[in-house]
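Student: My questions all concern the structure below.
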Amino acid sequence: MHLTSVPAYRMLQTHHAEASHWHMRDLFARDPNRASAFSLEAAGLYLDYSKNRITRNTVELLCDLARECGVETQRGALFNGAKINTTEHRAVLHTALRAPRGKPQIIKGTDINSEIHAVLDQIARFTENVRSEQWRGCSGESITDVVNIGIGGSDLGPKMACQALRTYSHPRLKLHFISNVDGHDLNTLLPQLDARTTLFIVASKTFTTVETMMNAQSARAWFLTQGNSEADLAKHFVAVSTNADAVKTFGIDPKNMFPFWDWVGGRYSIWSAIGLPLALAIGIEKFREFLAGAHAMDQHFCNAPLEQNMPVLLALIGIWNRNFFGNTSISIAPYHQYLQQFPAYLQQLEMESNGKRVGADGSILPHATCPILWGDVGTNGQHAYFQLLHQGTDVVPVDFIAALKPAHALPGHHAMLLANCFAQSEALMLGKNADEGRSELQAQGKPKAETEALLPHKIFPGNRPSNTILLNELTPASLGALIALYEHKTFVQGLVWGINSFDQWGVELGKVLAKNIHAELTGTSAPQKHDGSTNTLIARAKAIFMYCGTELSDSGTLSSTD
Ligand code: F6P
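Counting from 23, one number per residue, gives the positions in the sequence shown under our numbering.
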């Protein structure tokens, strides 16, 4: 049954007809307890969702909707390892990766809890060895630079988390992340590295992803040009993958491979060995705290009633904004410089999971699904696109995220940062009406004509929704809980929309076409018939290579003909 046929959806439609006339200003004025009624704490996080166009009745109806869409049953199925990724016939068990040791979970006759902890122990040994300088490069020098080569889920999670938790980073280790097949990425980094003190992590679930394989081959070739031999590779290249055969074929010693499993989706893999760069940076104890923070959110998600369940409420508020108010995008505004990569991380999590127009049953969905997610850190965004958020023609719900305690001691900054964060959500909600605008202009002594001419520009409609998520401090545990919060939010929204959130067929077509075009550009296949635009683009690229006296070699690298 589609969302639009569910009884609670119809009730919500009727309710929305009324809600569309509300202004949050009035809702706050009428209900002095609104902030406590629409906020909750879980796993060390505080969520205030009171600045939404909701009443207690809205929340009740939304929870009915979740119930009628099977959220409670499917939540059990997720944790129990049912094959809820139906198009790939896979279980979805990233939550098992953060379960404490000694809680057996049998999947296909194997206790995955002991397998998971065996890999965590392998990560512990390796990371401690690198950090304590017992693991040294081929010339006996300690490792100073770690380069993670991966893309999508094999890049965004560790990159975001290493930046977020940089306060806890090992002082000797510099972490680098190479993802883009654009050679400018790797080519800029390589001259900064000393091959004798660099460790490359080739991270790819499939170990077939073109970008990662090309970057890894180039890094390997560079390493060998730096006076090192094939035998030296073992001290400088490790792999994280589910594909042991491909890792071996690449030339990485299987002893230096950290495995994970097909029931870990790429965008849910930060908790697996894909988190190796993070474990290297912050150490295994802090990495375990990171897992524990996520586990605390799992426990909350599993056990709390829907009405007091943080991920469920965050998801349902999103559904209310998307499917009833028609908001097409959501902005993420972390007021923490170290969370700068968090919007990009959430883009993959939410948009690759729920950016779909077909339901899990194969039917075309008659309703909207995932909004476009975007954002940047505060206060930077305030001086760029917040104008649109306040006075633009589209209403864009915002998630504000802030830590109450900073990780620095510079006086004054943090109060200023938090003041801005809280002021933005207040301004979006309250707005400024014509009377207020007029009195303000009159108080400034503006003449009447100028006041009336300026007034329309000074009005803020307000009634623009936002959530605020507060962390006491950005720690491994609170970051773990924050990521798990959004993972479960994504899962719940997928269930309400009737989507399989765990496949990503939409990324395939472009990959296949790129392979064809690449063969044409490198001359290994005859020109094919494309559309006129694509033919012209290919011809222009080929012409410029010839004009520059360069050609694309078979390996796809640009090489000089001179
Ligand atoms: O192309 C999308 C994708 O499959 C993501 O889902 C995944 O995170 C990324 O590519 C990288 O895949 P892999 O880890 O197999 O290299």
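Ideal Cβ positions, reconstructed from N, Cα and C, are used throughout, including at glycine. Predicted model, so just to flag it, every value in this text is computed and none were measured.
#1: Between Asn-74 and the rest of its own chain, which residues show a CB-CB distance below 6 Å, the 5 nearest in sequence each way excluded?
#2: Using 7 Å as the cut-off, classify the Cβ of Val-114 as near or not near the heavy atoms of the ligand F6P, replying yes or no.
#3: How long is the line joining the alpha carbons of Asp-584 and Gly-205, rounded to whole angstroms?
#4: Let's see if you can read the secondary structure: which residues bound the alpha helix (DSSP H) around Tyr-31?
#5: From the DSSP output, in three-state form, read off Trp-285 for me.
#6: Opposite Ser-500 in the DSSP bridges: which residues?
#7: Tyr-587 by DSSP, collapsed to three states: which one?
#8: Below 8 Å, can you find three or more Cβ-Cβ pairs linking the region 345-352 to the region 139-157?
#9: What residue does the alpha helix (DSSP H) around Pro-333 start on, and which one ends it?
#10: Can you tell me whether Lys-73 sits near the ligand F6P, meaning its C-beta is under 7 Å from at least one heavy atom of the ligand?
#11: Which same chain residues end up closer than 6 Å to Leu-411 when comparing Cβ atoms and leaving out the 5 residues on each side of it in sequence?
#12: Within the continuous alpha helix (DSSP H) that includes Tyr-367, where are the two ends?
#13: Please list the terminal residues of the continuous beta strand (DSSP E) segment that includes Asp-421.
#14: For Ser-447, report the span of its alpha helix (DSSP H) as first-last.
#15: Put Asp-576 into one of helix, strand or coil per three-state DSSP.
#16: Take the Cβ of Asn-170 as the centre, count every other Cβ of all protein chains shown within 10 Å, and call the residue buried at 16 or more, exposed below.
#17: Does DSSP put Pro-478 in a helix, a strand or coil?
#18: Would you mind sorting Gln-35 into buried or exposed? The rule is 16 or more other CB atoms within 10 Å of its CB.
#19: For the region 172-197, which segments carrying the alpha helix (DSSP H) assignment without a break, of at least 4 residues, lie completely within its bounds, in sequence order?
#20: Would you check if there are 3 or more beta carbon pairs closer than 8 Å linking the region 161-181 to the region 364-374?
#21: What does DSSP give as the partner residue(s) for Ile-539 in the beta ladder?
#22: Thinking Leu-496 and Ala-429 are a contact (beta carbons under 8 Å), I'd like their distance in whole angstroms, please.
#23: Is it the case that the region 220-236 contacts the region 288-300, given that we only count it when at least three CB pairs across the two stretches are under 8 Å?
#24: Let me make sure I understand the geometry here. Which of Asp-383, Lys-427, Asp-398 and Trp-244 has the alpha-carbon closest to that of Leu-440?
#25: Name the DSSP bridge partner or partners of Leu-493?
#26: Can you say whether Thr-247 is buried or exposed, counting buried as having 16 or more other CB atoms within 10 angstroms of its CB?
#27: Give me whichever residues DSSP pairs with Met-279 in a beta bridge.
#28: Who pairs with Ile-128 in a beta bridge, going by DSSP?
#29: Which whole-angstrom value describes the C-beta separation of Asn-278 and Ala-261, a residue pair presumed to lie in contact below a C-beta threshold of 8 Å?
#30: In the structure shown, what three-state DSSP assignment does Val-399 receive?
#31: Got a sec? Which residues, its chain only, sit under 7 Å from Ala-382 by beta carbon, not counting five neighbours each side?
#32: Would you mind working out which of Tyr-31, Gly-66, Ala-186 and Cys-392 sits nearest Asn-494, comparing C-alpha positions?
#33: So is the beta-carbon of Lys-227 under 7 Å away from any non-hydrogen atom of the ligand F6P?
#34: Any C-beta of chain D sitting closer than 8 Å to the C-beta of Ala-449?
#35: Can you tell me where the alpha helix (DSSP H) holding Pro-299 begins and where it ends?
#36: Look up Leu-559 in the DSSP assignment and say whether it is helix, strand or coil.
Tutor: Reading from the atomic positions:
#1: Ile-339 and Pro-487
#2: No, Cβ of Val-114 sits at least 7 Å from all heavy atoms of the ligand F6P.
#3: The pLDDT assigned to Asp-584 is 38, lower than 50, so where the model puts this residue is not dependable; a value taken from the coordinates is nonetheless given after this. In a straight line, the C-alpha of Asp-584 is about 20 Å away from that of Gly-205.
#4: 29-41
#5: coil
#6: For Ser-500, which the question treats as bridged, DSSP gives no partner whatsoever.
#7: Past the edges of the chain, shown from 23 to 584, lies residue 587, and the structure says nothing about it.
#8: no
#9: 332-341
#10: no
#11: Val-418
#12: 364-368
#13: Judged by DSSP secondary structure, Asp-421 falls within the beta strand (DSSP E) whose first and last residues are 420-427.
#14: Counting along the chain, the alpha helix (DSSP H) containing Ser-447 begins and ends at 435-452.
#15: Interpretation of Asp-576 is limited by its pLDDT of 46, a score under 50 that renders its predicted location unreliable; no figure is taken from the coordinates.
#16: buried
#17: helix
#18: The residue is exposed, with fewer than 16 neighbouring Cβ atoms inside 10 Å.
#19: 178-186
#20: yes
#21: Per DSSP, none; premise fails for Ile-539.
#22: 6 Å
#23: Per the Cβ contact rule, the region 288-300 is in contact with the region 220-236 (3 or more Cβ pairs under 8 Å).
#24: Lys-427
#25: Leu-67 and Ala-425
#26: exposed
#27: Note: Met-279 sits in a beta bridge opposite Ala-261.
#28: Ile-128 is bridged to Asp-133.
#29: 7 Å
#30: coil
#31: Thr-108, Gly-520, Ile-521 and Asn-522
#32: Gly-66
#33: yes
#34: The structure shown has no chain D; it contains just one protein chain.
#35: 298-304
#36: helix
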